[in-house]
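Those sequence lines, one after another, are chains A and B.
Residue numbering for the first sequence follows the working numbering, starting at 300 and increasing by one per position.
Residue numbering for the second sequence follows the working numbering, starting at 300 and increasing by one per position.
We put the beta carbon where it would ideally sit given N, CA and C, even for glycine.
This structure is a prediction, so every number in the text was calculated from the model and none was measured.
There are 2 protein chains.
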Amino acid sequence: MKLATLKTSSRDGSLIVVSRNLKHAVDATAICPTLREALENWSTVEPQLRELSDRLNAGQASGAFAFDTQKVESPLPRTFQWCDGSAYLHHAELVRKARNADMPEQLYTDPMLYQGASDCFIGPRDPIRIADEKWGIDLEAEVAIVTDDVPMGVSVADAAKHIKLIMILNDVSLRNVMPGELAKGFGFFISKPSTAFSPVAVTPDELDAAWDGTKVCLPLVSHVNGKLLGRPNAGVDCYFDFPRLISHAATSRELRAGAIIGSGTVSNRDTSVGSACLQEQRMLEKLATGTMQTPLLQFGDEVRVEMFDAQGQSVFGAIDQKVEQYTYQPAQ
Amino acid sequence: MKLATLKTSSRDGSLIVVSRNLKHAVDATAICPTLREALENWSTVEPQLRELSDRLNAGQASGAFAFDTQKVESPLPRTFQWCDGSAYLHHAELVRKARNADMPEQLYTDPMLYQGASDCFIGPRDPIRIADEKWGIDLEAEVAIVTDDVPMGVSVADAAKHIKLIMILNDVSLRNVMPGELAKGFGFFISKPSTAFSPVAVTPDELDAAWDGTKVCLPLVSHVNGKLLGRPNAGVDCYFDFPRLISHAATSRELRAGAIIGSGTVSNRDTSVGSACLQEQRMLEKLATGTMQTPLLQFGDEVRVEMFDAQGQSVFGAIDQKVEQYTYQPAQ
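Right under this line is the structure:
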């Protein structure tokens, strides 16, 4: 089942079911008005949504319309919990090297999560609006899962059953803001502007064998201005799978339905597959030639992130965003 | 105007208006079902709530009932954005000294915020449930404001007008988890369990002259097991007031209605007023005698945080919580 959220005047948008081939969609608000509320009542709502999805995929859903990724929000336009891991340690090694930061030994055994802000995600086709190019704008292509209610202290073994949906995302990052911010000791804040998620969120069964119950085993394909940046496989070199990240996130608190947990930037040790963020590519250039050649993102640049199944079909639709300059306008 | 949220089967509870003296309350769901939705529609909803509040304070609200702080959630049982400053640098100096961490010079000029988790706050009378006493359980008594929608890049001058409500809070902290977690470089996560806010949230006018437009100029009184821990004044030694924190938080992103921003632990350089967390008191003991004498919180301990106006009237009601052991029970 594939779900998405139409942009409306409401802050949570309105729930639609999308066909497996991403060509058609149908309004699902008669079952549940929003994806947020669907997740809060998943055991009741899911079977009804699946029935509608089956009808849509059979070409038998009345009121079906063409699915247009320009018209959707992130599947959850906002949620109450969004945190992001750093499960692909090859990424952590490279970006820390780029900012001359340590790579403590404990990172290889103890999962790392940063607490993200979740009040205003941007849509998969929305511009990335940044006030200053000098902040060092970068993409980070990742995979994320969405949970139902997770009890505090959940074991790794029990955590997997709380995974209800899967998405991909662009965790926009400000490379030149990070060193000063992290030096203060409280983690990221300004250096992580609003995040964009894929047009659709999918239930794990949509991935067939590419979902091994703990991670997505498919390449995540990123382009910048139409040029391939990389296609690292999210199933490779993943040190902490999603059940492990969920269990870690719930160590001292509950997670409530709609919680999104990201994998961190997907990164493979085989560097021939390329990268899922520019900073990694820049660091690889520096290691090879002594200088970073590829620039970070500039205003006007375009970023595209997508994942394809074994048959070459886009699973989540594409995140496709332009970087734009933002200027604050005081209210009159 | 004072607002609170009754515990119900719904995740956002139900909105009530509370009398100035905290003795009476009246259902406000005919105006707006929840405080979350009230903040999202503040310009429309606020005048109606004020009218109801005026009637309640005049003893003329039909259906008024006795206000019982046992029956309320935090005013926002959950919200989409909760971040917390460290505006009282005397606190930062002491707790960093206690964990042998640096106090970078930039902290005196550049506000610090950590991104908190906002999906499950606990109520003002709910137990603090922690799995392990050895994690080093502490209270942190603070002041917080709640905003309406704040545009990205808002100036300090424009930020003040986005402050709609004020609360106090207990930012429960796990002292012995922090050093290892912060060493990973991504800030707090496990070391900050669920936060508790005061029984009521108040509009700034309720504070009269004690609200100077940027901060609350009243002592914040904390007790542990009935013994005074301290009464530092939130208007004293505050390096970054709320408009400054809001402007900082909105540097690279919008803040959406219902965003809560905390001040950080209130702390005065005049140590005769005592502390708003145990770790500060312990560090002061260590500086004076060479050893920390006061223990951190143990299971069974009781914490009380309250703020009184110039007439000795409780402004927000008391946060009054017991520390309890939590054990994970797998679902059958």
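- Under the criterion of beta carbons closer than 8 Å, residue 499 of chain B and residue 332 of chain B do not qualify as touching, at roughly 18 Å.
- In this structure, DSSP gives residue 572 of chain B a helical state, which the three-state scheme calls helix.
- Rounded to the nearest whole angstrom, the CA to CA distance from residue 501 of chain A to residue 465 of chain A is 5 Å.
- About 6 Å separates the CB atoms of residue 491 of chain A and residue 415 of chain A; that is less than 8 Å, so the two are in contact.
- Just so you know, the alpha carbons of residue 474 of chain A and residue 482 of chain A end up roughly 13 Å apart.
- Residues 384, 386, 441 and 442 of the same chain have their beta carbon placed closer than 6 Å to that of residue 562 of chain B, with the five preceding and five following residues left out of the count.
- Per the coordinates, the alpha-carbon of residue 625 of chain B lies some 10 Å from the alpha-carbon of residue 552 of chain A.
- Between the region 340–359 of chain A and the region 522–535 of chain A, the count of C-beta pairs closer than 8 Å stays below three; the two stretches do not touch.
- Cβ-Cβ separation between residue 485 of chain A and residue 420 of chain A: approximately 22 Å, too far for a contact (criterion under 8 Å).
- Partner residues in the beta bridge of residue 466 of chain A, as assigned by DSSP, are A/443.
- Interface criterion not met: the Cβ of residue 541 of chain B is under 7 Å from no Cβ in chain A.
- Selection B/314, B/388 and B/317 evaluated against residue 574 of chain B yields B/388 as nearest (Cα-Cα).
- Annotation: the continuous beta strand (DSSP E) that includes residue 414 of chain B extends over 412–414.
- The Cβ atoms of residue 438 of chain A and residue 576 of chain A lie closer than 7 Å to each other.
- Fewer than three beta-carbon pairs drawn from the region 608–617 of chain B and the region 445–462 of chain B are found closer than 8 Å, and the two stretches are therefore not classed as touching.
- Looking at the backbone, the Cα of residue 340 of chain A and that of residue 406 of chain A are separated by about 36 Å.
- Residue contact check for residue 550 of chain A against chain B: a CB pair falls below 7 Å.
- For residue 301 of chain B, the uninterrupted beta strand (DSSP E) segment begins and ends at 301–305.
- For residue 540 of chain A, the closest of A/522, A/560 and A/524 by C-alpha to C-alpha distance is A/560.
- With fewer than 16 other beta carbons inside 10 angstroms of its own, residue 398 of chain B counts as exposed.
- At a cut-off of 7 Å, the C-beta of residue 387 of chain A has no neighbouring C-beta in chain B.
- Comparing alpha-carbon positions, the option among A/336, A/314 and A/365 lying closest to residue 321 of chain A turns out to be A/365.
- Taking 7 Å as the threshold, the shortest C-beta distance from residue 609 of chain A to chain B does not fall below it.
- When the five nearest sequence neighbours on each side are left out, the beta carbons in the same chain lying within less than 7 Å of the beta carbon of residue 371 of chain B are those of 303, 304, 305, 306, 422, 423 and 498, in order along the chain.
- At a beta-carbon threshold of 7 Å, the residues of chain A lying near residue 419 of chain B are 552, 553 and 555, ordered along the chain.
- Counting only Cβ-Cβ distances below 8 Å, residue 483 of chain A has contacts in chain B at 403, 405, 406, 409 and 411, in chain order.
- Residue pairing from DSSP places residue 519 of chain A in a beta bridge opposite A/606.
- The C-alpha of residue 308 of chain A lies about 16 Å from the C-alpha of residue 338 of chain B.
- Closer than 9 Å at the C-beta level to chain B, one finds these residues of the region 596–629 of chain A: 625, 626, 627, 628 and 629.
- Bounds of the alpha helix (DSSP H) holding residue 545 of chain B are 541–548.
- Close partners of residue 457 of chain B in chain A (Cβ separation under 8 Å): 629 and 630.
- For residue 579 of chain A, the enclosing alpha helix (DSSP H) stretches over residues 577–588.
- Between the alpha carbons of residue 460 of chain A and residue 505 of chain A lies a distance of about 16 Å.
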